[in-house]
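S.K.: Numbering-wise, full-length UniProt numbering puts 103 at position 103 of the sequence shown, and it's gapless, one number per residue.
We put the beta carbon where it would ideally sit given N, CA and C, even for glycine.
Input: one structure, supplied below.
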Amino acid sequence: MRGNLADDRHLLAVLSPFVTPTALCGLLAESDRLQVFAAVVLGASTPSAVESATGLPARVVEPAIRRLQQGGLLTVADGALAASAGTFKEAVRASATPAGPQPQLDPDRQRDLILRTFITDGRLAQIPAAQAKRLVVLEHIVSSFEPGVRYPEREIDAILRAWHDDHAALRRYLVDAGLLSRDSNVYWRSGGPVVV
């Protein structure tokens, strides 16, 4: 049974400063409250129906219902318990950070588009299979290394691991593309665009 939408909206307006995704997780982290909430979602509309559905005693069910009501997850409409599904949406909306303009990764529009496709939050989501796209990504990654500086392999791996978990494949691709050169276990930047 669903609560009255107008009542739910009023409750959400009152509770919205306090209802956060973290608070909702906290409300449902306790197994008794989670069971009570699940029972109401599945149709239990009275405390006795919740007791029957969960097997929990009244001394556990009643405080759980009160706590879930205080947290905005349950309402009472026409004498029946109802889950307030809108609480989850409102909490997520209220805590979402607005997406601002993303910084440009490359001045060339086409290269920037390729980089945005594969780089998310400063990490390479996946290594491009297409050689041309992979080269664009590798040329961007090689800018992590200073020209003229010699790096031991462990330092190369640490820098590349910040980009992608498969640092060995990245290192191999960078060497194969002529962007890094190596002698034994020492690497240096030997290609790619240099910003002056």
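Taking VAL186 as part of the beta strand (DSSP E), name the residues at either end of that continuous run.
M.R.: Reading the sequence shown from its first residue, position 186 is the one you call residue 186. That run of the beta strand (DSSP E) goes 186-189.
S.K.: Enumerate in chain order the residues of its own chain whose CB-to-CB distance from PRO152 is below 7 Å, with the five nearest sequence positions on each side excluded.
M.R.: Indexing the sequence shown from 1 puts residue 152 at position 152. Short of 7 Å from the beta carbon of PRO152, and not among the five residues preceding or following it, lie these beta carbons of its own chain, in chain order: ASN185 and VAL186.
S.K.: Short of 6 Å in beta carbon distance, which residues of its chain neighbour ALA64, apart from the five on each side in sequence? Order them along the chain.
M.R.: Indexing the sequence shown from 1 puts residue 64 at position 64. ASP32, ARG33 and VAL36, listed in sequence order.
S.K.: Starting from ASP183, follow its DSSP beta bridges and name the residues at the other end.
M.R.: The count along the sequence shown starts at 1 and reaches residue 183 at position 183. In DSSP, ASP183 forms a bridge with VAL186.
S.K.: Could you check which residue in SER95, GLY79 and LEU68 has the C-alpha nearest to that of ALA85?
M.R.: Looking up residue 85 in the sequence shown gives position 85. With distances taken between Cα atoms, ALA85 lies closest to LEU68.
S.K.: Which same chain residues, not among the five before or five after LEU105, have their C-beta less than 6 Å away from its C-beta?
M.R.: Locating residue 105 in the sequence shown gives position 105, where the first residue counts as 1. Cβ within range, chain order: ASP112 and LEU115.
S.K.: Which residue comes first and which comes last in the beta strand (DSSP E) that contains LEU42?
M.R.: By one-based count along the sequence shown, residue 42 stands at place 42. Careful: LEU42 lies outside any beta strand (DSSP E) and carries neither H nor E.
S.K.: Of all the options ILE159, ARG154 and LYS133, which has the alpha carbon lying nearest to the alpha carbon of SER143?
M.R.: On the sequence shown, position 143 is the one that residue 143 refers to. Considering only alpha carbons, the answer is ILE159.
S.K.: Using the Cβ count rule (16 or more neighbours within 10 Å means buried), how would you classify ARG189?
M.R.: Your numbering for residue 189 matches position 189 in the sequence shown. When all chains shown are included, ARG189 counts as buried.
S.K.: Which complete alpha helix (DSSP H) runs does the UniProt domain "DUF2087" (123-189) hold, if anything under 4 residues is left out?
M.R.: 131-141, 153-163 and 167-176
S.K.: If you run the structure through DSSP and keep just helix, strand and coil, what is ALA64?
M.R.: Residue mapping note: residue 64 aligns to position 64 of the sequence shown, counting from 1. Correct three-state label for ALA64: helix.
S.K.: Among the candidates LYS89, GLU30 and ARG182, whose CA atom is the shortest distance from the CA of ARG150?
M.R.: Taking the first residue of the sequence shown as 1, we reach residue 150 at position 150. Here the closest residue by C-alpha is ARG182.
S.K.: Along the chain, where does the beta strand (DSSP E) that runs through ALA85 open and close?
M.R.: As a first step, residue 85 must be located in the sequence shown, where it is residue number 85. Counting along the chain, ALA85 falls outside any beta strand (DSSP E), and DSSP gives it neither H nor E.
S.K.: Distance check for ARG171 and residue 204, CA to CA, integer angstroms please.
M.R.: Nothing in the structure corresponds to residue 204, since the chain is present only between 1 and 196.
S.K.: Which residues mark the beginning and the end of the beta strand (DSSP E) in which LEU74 is found?
M.R.: Against the sequence shown, residue 74 aligns to sequence position 74. 74-77 is the span of the beta strand (DSSP E), which, as asked, contains LEU74.
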